[in-house]
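Participant:
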Amino acid sequence: MQGKVERGQIVRALPSDADRPPIDRWRADEVLEPNRPLWGLGEIAQCLGVSVDTARRWANDPALGMPVSKPGGRWFAERRPLLAWRRQR
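Taken in order, the sequence shown gives residues 375 to 463; the numbers are from the working numbering.
Pasting the structure below:
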C-alpha cells in the first residue's frame with residue numbers, strides 16, 4: 375500500500391556524511407542558534423567559553439581585533455562573527 379509507512383521501514387536514504395566536517399561545539403552552535411545579538415560581557419563570555427574577565431581583557435585589547443562594540447556603554451557582539459574570530463585564535 376503506497377503512502378503507508380511500516381515501523382522500521384526506511385523512508386528515504388540519507389546523504390553520506392563523508393563529505394561533511396564533524397559536528398563540534400562551534401558548528402553545533404552555529405546550526406542550532408544562528409547569528410543572534412549578544413548583549414553584555416556575560417553573554418559574550420558564555421558564547422566564547424571563557425570567563426567574563428577574559429572576555430573583558432580581549433574586548434579591551436585592540437590588537438586582538440575582537441568583533442565587539444560598546445554602543446551606549448554596554449558590550450555588544452554578533453554571534454557568527456564572534457565565533458569565527460574565536461576559531462581563528
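Quick reminder that beta carbons are idealized off the backbone N, C-alpha and C, glycines included. The structure displayed is predicted, hence computed values, not measured ones.
1) Please list, in chain order, all residues of the same chain as P445 whose beta carbon is under 7 Å from its beta carbon, the five residues on each side excluded.
2) Using the Cβ count rule (16 or more neighbours within 10 Å means buried), how would you classify Q462?
3) Let me confirm a value: L406 is counted as buried when at least 16 other C-beta atoms fall within 10 Å, else exposed. Which label applies?
4) Between the C-alpha atoms of D435 and V442, what's the straight-line distance to the nearest angstrom?
5) Applying the criterion that 16 or more other CB atoms from any shown protein chain within 10 Å of the CB defines a buried residue, is I397 buried or exposed?
6) Who are the Cβ neighbours of P455 in its own chain at under 6 Å, not counting the five residues just before and after it?
Facilitator: Per the coordinate set shown:
1) none
2) exposed
3) exposed
4) 11 Å
5) exposed
6) P441
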